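These notes concern the structure reproduced below.
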Amino acid sequence: MAIQHYKVLHDYVRANKTVVDEYDDVELQLLEGELPADLKGVLYRNGNGRFAHQGVWYDHLFDGDGMISRFEFDGQKVRYRNRYVRTREFLEEEKAGRMLHRSFGTNLPGGLLKNAFRMQFKNAANTSVVSHGGHMMALWEGGWPHRIDPVTLETIDRYDYDGVLKNRFSWFDSQIMPEMPFSAHPKIHPDTGVLYNFGTVAGTKQRLVLYKVSPGGKAMIDQIIEMDDMTFSHDFVVTQSGHRILFLTPVAFDMPRALLGFTSPAASIRVDRNKPTLILVIDPDGTIHRLTTDFCFVFHFVNGYQEHDGKLIVDGLMLDYFPASDLMKAYLNGDVADDGMGARFTRYTIDLATKQVTHTPLADYEGELPEIHPDRVGKPYQYTWGIGRPLSHSRPLADQLVKIDVTTGRGMHTGDDHTLPSEPIVVPRPASTAEDDAWLLYLRFDDRMKTTDLVVADAATLTTTARLRLPHNIPLGFHGLWLPEGGL
């Protein structure tokens with residue numbers, strides 16, 4: 001497997017080594033085009049605010065402290081604010097002036113002495129942001145949410161939904177994992193407003209805990225599923241019909257090496273690609289179906305729904321391998337393997353009556369961070385947008401903004417060798433009826449100027465409508481949220 005070095009990626013990581021400044025309501029400079037007069041609301045984005053901390057580079061893309069960015073649109077201008085999430089670990093490390101906590105993919109400096117038997121890892125609060133039940137929260141899949149003030153972005157608290165997320169399985173279980181995880185990809189049912197989520201809880205038994213949160217914010221444990229083996233899932237699907245669908249990739253952890261501090265938790269993950277991936281389907285009445293498919297790993301699903309004949313459709317970005325931590329470390333150096341992406345737009349069809357699972361490519365594109373029209377979540381749909389590349393692209397980088405028609409397999413893309421885009425957030429135009437009659441909001445890094453811009457693009461054509469300059473570079477982040485004017 002040949003490794004290539006990419007200047008745009010190297011420059012992007014170096015330009016965002018550590019975000020130092022936190023801004024308060026700075027008006028962004030309009031460089032190109034014109035802001036739509038009826039684009040009014042707030043874009044929130046969450047992601048790692050730095051790739052290095054206290055002079056130490058992280059070994060994994062997912063380890064940096066979470067930083068929320070807020071972009072307020074009033075139809076004439078955009079005002080920007082950013083804040084690190086003040087997690088307990090963030091505050092302790094800022095006060096000490098050094099790293100104090102192991103992360104998912106990064107051990108502390110100092111070797112075994114500093115890392116052995118430290119099994120409580122930093123809650124980075126860096127993956128996504130959700131608004132539901134009167135709360136705005138920064139999420140990270142390995143622990144509790146953090147509530148955030150939606151206007152000031154100040155951190156309110158580490159939130160356990162009034163004790164629901166406390167680990168009460170046993171005293172020993174609570175010592176291993178006191179905080180039951182609340183994943184970073186909750187789903188809100190399109191009709192009921194109920195939020196569904198899950199968490200993988202390690203301990204005396206491997207458990208998959210399913211949560212349900214009412215529109216008013218009251219949480220409960222909906223189901224506890226004991227697992228025979230250790231599995232991993234980052235995302236899941238909720239359909240309008242009420243089905244919850246999880247793809248559980250078989251993994252194993254080299255616990256002795258991780259426990260003794262020889263490796264980080266991420267580096268201790270092992271997978272057996274000869275084992276199938278388990279698919280769990282939870283019916284609306286709670287019935288659990290267990291099916292299998294060929295080994296795969298899906299970071300992110302596009303959408304899912306039930307067809308008229310009862311079959312379930314699940315679309316996602318399918319990898320036929322589990323991304324190892326050494327690939328993530330290489331990425332932070334600007335290095336990518338020639339076949340290093342490989343997440344293919346793929347459709348899975350699940351027939352619960354026959355227990356059959358089939359899959360087929362949706363398009364000749366690879367990609368990540370897919371988004372759809374918010375009104376199509378859990379329902380049949382036509383378009384998805386994300387970052388990626390056509391299979392014919394000469395570089396294994398997700399350096400293109402892409403649009404896929406999932407009904408025809410046709411795609412389009414835009415980008416160049418000097419820019420990297422973030423996940424695009426889909427904002428429907430007021431009173432629009434066409435699914436792609438919308439704007440795309442995304443960040444873009446340019447290695448020629450070493451700058452980061454906010455771009456408003458036409459969702460139908462991908463052409464730029466407006467481009468605005470941020471006052472500093474920030475990482476492109478992972479996931480975002482749009483709240484229309486008056487939508488808090």
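Here my numbering is used: the first residue of the sequence shown is 1, the next is one more, and so on.
Just so you know, even glycine gets a beta-carbon here, dropped at the ideal spot from N, CA and C.
Just so we're clear, the structure is a prediction, and the values are computed from it rather than from any experiment.
- Under the 10 Å beta carbon count, S394 is surrounded by fewer than 16 other beta carbons and is classified as exposed.
- Positions of the beta strand (DSSP E) runs, each at least 3 residues long and wholly inside the stretch 282 to 315, are given as 288 to 293, 297 to 306 in order along the chain.
- With respect to L31, R70 sits apart: the two C-beta atoms are not nearer than 9 Å.
- For L208, the closest alpha carbon among the candidates I188, L100, F236 is that of F236.
- According to the DSSP secondary-structure assignment, V42 is paired through a beta bridge with E72, L483.
- Within its own chain, the residues whose Cβ lies closer than 8 Å to the Cβ of I224, once the five positions on either side in sequence are excluded, are R207, L208, V209, L210, listed in chain order.
- Here E435 carries a coil assignment [DSSP, helix/strand/coil].
- Along the length of the stretch 122 to 193, whole beta strand (DSSP E) runs at least 3 residues long occupy 128 to 132, 135 to 139, 146 to 148, 155 to 158, reported in chain order.
- With distances taken between CA atoms, V455 lies nearest to L401 out of H479, P484, L401, S432.
- Close CB contacts of Y381 within its chain, under the 8 Å cut and outside five residues either way in sequence, are with N303, Y305, I372, H373, V406, E435 (chain order).
- DSSP, read as helix, strand or coil, puts R14 in helix.
- For L327, the enclosing alpha helix (DSSP H) stretches over residues 325 to 331.
- In the three-state DSSP reduction, R376 falls in the helix class (H, G or I).
- If you look at L470, you'll find it isn't in any alpha helix (DSSP H); DSSP assigns it neither H nor E.
- Using a C-beta cut-off of 8 Å, the stretch 333 to 350 makes contact with the stretch 1 to 9, since at least three inter-stretch Cβ pairs fall below that distance.
- By the Cβ criterion, the stretch 251 to 261 is not in contact with the stretch 283 to 293, since fewer than three pairs of Cβ atoms, one from each stretch, lie closer than 8 Å.
- Judged by DSSP secondary structure, E371 falls outside any alpha helix (DSSP H) and instead within the beta strand (DSSP E) spanning 356 to 371.
- Using a Cβ distance threshold of 9 Å, E72 and G105 do not count as a contacting pair.
- Within the same chain, Cβ atoms closer than 6 Å to the Cβ of P421 are found at I387, L401, Y442, R444, the five residues on either side in sequence being excluded.
- At least 9 Å separates the beta-carbon of S170 from that of G134.
- For T463, the closest of A398, T414, V427 by C-alpha to C-alpha distance is T414.
- The C-alpha of R88 lies about 43 Å from the C-alpha of I350.
- The three-state secondary structure of R410, taken from DSSP, is coil.
- Around G111, the same chain offers G261 as residues with beta carbons nearer than 8 Å, after the five sequence neighbours per side are excluded.
- The residues G75, Q76, in chain order, have a CB closer than 8 Å to that of A37 in the same chain once the five nearest residues on each side in sequence are set aside.
- One Cα belongs to V357, the other to Y348, and the distance between them is close to 7 Å.
- Your pair V26 and R79 checks out as a contact, with CB atoms roughly 7 Å apart and the cut at 8 Å.
- According to DSSP, T231 shares a beta bridge with P250.
- Inter-residue distance for A266 and Q120 is about 14 Å (C-alpha atoms, whole angstroms).
- As a beta-bridge residue in DSSP terms, V238 pairs with R244.
- Apart from the 5 residues on each side of it in sequence, L61 sits with its Cβ closer than 7 Å to the Cβ of M328, Y331, L332 in its chain, given in chain order.
- Contact between T155 and H479 does not hold, since the beta-carbon distance rounds to 18 Å and is not under 8 Å.
- With at least 16 other beta carbons inside 10 angstroms of its own, V298 counts as buried.
- Proximity to K114 across A125, S233, M99, A124 peaks at M99, based on C-alpha coordinates.
- Here the alpha carbons of T354 and H146 stand approximately 42 Å from one another.
- Within its own chain, the residues whose Cβ lies closer than 6 Å to the Cβ of A363, once the five positions on either side in sequence are excluded, are F345, I404, G409, G411, listed in chain order.
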